[in-house]
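Novice: Quick note, the sequence shown lines up with residues 12 to 120 if you use our numbering. Quick reminder that beta carbons are idealized off the backbone N, C-alpha and C, glycines included.
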Amino acid sequence: MTTMMQMVVQHGSGWTSRIPGFQLDQCGKTGTSQIPVNGKYTQDVWSSFVGFLPAKKPRFTMLVVVRKPHYPGSENDWTLNDGYMTAEPIWKQIAQTLVVSWHITPDKP
Numbered sequence: 012m013t014t015m016m017q018m019v020v021q022h023g024s025g026w027t028s029r030i031p032g033f034q035l036d037q038c039g040k041t042g043t044s045q046i047p048v049n050g051k052y053t054q055d056v057w058s059s060f061v062g063f064l065p066a067k068k069p070r071f072t073m074l075v076v077v078r079k080p081h082y083p084g085s086e087n088d089w090t091l092n093d094g095y096m097t098a099e100p101i102w103k104q105i106a107q108t109l110v111v112s113w114h115i116t117p118d119k120p
């Protein structure tokens with residue numbers, strides 16, 4: 012699972028979450044799900060990003076969920092509210108603060 016989540020950050024939808032120095036040592040996964048109302052799906056979504064670092068001996072794991080995000084232009088295209096567009100930047104900002112505050116360094120290979 013760790014390797015797959017590393018690949019999401021290195022080569023997939025999690026690429027914008029990369030923390031300088033942790034590019035190969037960071038794990039994450041984006042998520043987006045439509046919100047059902049009365050048994051039918053709407054244009055509203057939950058967007059999420061979960062990640063941890065360092066990969067082998069994590070110092071923290073964090074999940075960010077944004078309920079009904081409204082990314083510019085998403086009125087006509089709910090996919091613009093995907094986790095990588097909305098929740099991932101929030102995760103990165105908090106993670107960068109934790110890395111500095113907690114003196115977290117990448118794992119040694």
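Would you tell me roughly how many angstroms separate the C-alpha atoms of Val48 and Asp55, rounded to the nearest one?
Specialist: Roughly 10 angstroms between the two C-alpha positions.
Novice: Examine the Cβ distances between the region 75 to 87 and the region 32 to 40 and report whether three or more of them are shorter than 8 angstroms.
Specialist: No: the two stretches stay apart, fewer than three of their Cβ pairs being nearer than 8 angstroms.
Novice: Measure the alpha-carbon distance for Thr108 versus Lys51 and round it to whole angstroms.
Specialist: The alpha-carbon atoms of Thr108 and Lys51 are separated by roughly 39 angstroms.
Novice: Rounded C-beta distance between Gly42 and Gly25? I'm assuming under 8 angstroms.
Specialist: That belief does not hold up - the Cβ atoms of Gly42 and Gly25 are roughly 11 angstroms apart, past 8 angstroms.
Novice: Taking its Cβ as the centre, do 16 or more other Cβ atoms sit within 10 Å of Asp170, making it buried, or is it exposed?
Specialist: Residue 170 lies beyond the stretch modelled for the chain, which goes from 12 to 120, so this question has no answer here.
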